[in-house]
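Shown next, in structure tokens, is the structure this report addresses.
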Amino acid sequence: YMEFSDLREDLLKLQTVAGVNCYTLDEARLNSLVHIKSYSSTQISWKDLVPGNNYFVEVKPYKYDLFEYAEGMDLDNRKRYFKTAPQNLIVVGGGPTGLLTTLHGLENCLRTGGTMKLYEARD
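Here it is as structure tokens:
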């Protein structure tokens with residue numbers, strides 16, 4: 016885009032602003048993600064299940080079954096119940112596209128209690 020004279024000046028201004036505010040923007044995003052990880056959990060107590068709603072139960076690690084809760088169901092209080100199953104994401108490729116994909120998916124993974132892994136294609 017730098018060869019277009021009408022875009023060059025605006026892009027250079029944007030580059031300057033991005034460079035100046037980069038640290039502050041990174042800190043704000045990090046604070047937002049810490050807040051999401053600390054306070055957003057989809058895990059719910061078996062006592063708080065509402066009849067007629069769908070929930071997920073953890074059968075074994077990383078294996079969840081969907082069920083509809085009905086009044087009087089026999090529930091195991093040792094199992095973990097979720098409103099939404101944890102979302103896990105694996106991204107292969109550590110270039111700019113892989114990094115951006117990871118950043119876009121990170122919030123949903125943290126919100127649901129899932130994990131995210133970024134692998135370099137050469138690993």
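Heads up: the sequence shown runs through residues 16 to 138, numbered per the numbering used here. Virtual Cβ for every residue (Gly too), placed ideally from N, Cα, C.
Supposed close pair residue i, residue j - CB separation, criterion 8 angstroms
{"i": "Val-107", "j": "Ala-136", "result": "6 angstroms"}
{"i": "Thr-39", "j": "Thr-99", "result": "Not confirmed; about 32 angstroms, so no contact."}
{"i": "Val-65", "j": "Tyr-96", "result": "Actually they do not touch by this definition, with Cβ atoms about 11 angstroms apart."}
{"i": "Asn-68", "j": "Leu-81", "result": "Actually they are not in contact, since the Cβ atoms of Asn-68 and Leu-81 sit about 11 angstroms apart, beyond 8 angstroms."}
{"i": "Thr-117", "j": "Met-131", "result": "6 angstroms"}
{"i": "Leu-133", "j": "Gly-109", "result": "6 angstroms"}
Closest residue to residue i among the options (Cα-Cα distance)
{"i": "Arg-93", "options": "Pro-111, Trp-61, Leu-121, Pro-101", "result": "Trp-61"}
{"i": "Lys-78", "options": "Gly-67, Ile-59, Gln-102, Gly-87", "result": "Gln-102"}
{"i": "Ser-47", "options": "Met-131, Arg-126, Lys-132", "result": "Arg-126"}
{"i": "Arg-44", "options": "Tyr-134, Leu-133, Glu-122", "result": "Glu-122"}
{"i": "Leu-104", "options": "Leu-114, Gly-129, Leu-90", "result": "Gly-129"}
{"i": "Ile-59", "options": "Leu-90, Gly-110, Glu-24", "result": "Leu-90"}
Strand pairing of residue i, partner residues [DSSP]
{"i": "Asn-69", "result": "Glu-83"}
{"i": "Lys-132", "result": "Ile-105"}
{"i": "Lys-75", "result": "Lys-78"}
Secondary structure of residue i, DSSP reduced to three states
{"i": "Leu-104", "result": "strand"}
{"i": "Tyr-38", "result": "helix"}
{"i": "Lys-62", "result": "helix"}
{"i": "Lys-52", "result": "helix"}
{"i": "Lys-28", "result": "helix"}
Cβ of residue i within 9 angstroms of any chain B Cβ
{"i": "Leu-45", "result": "Looking at the structure shown, chain B is missing, and only one protein chain is on hand."}
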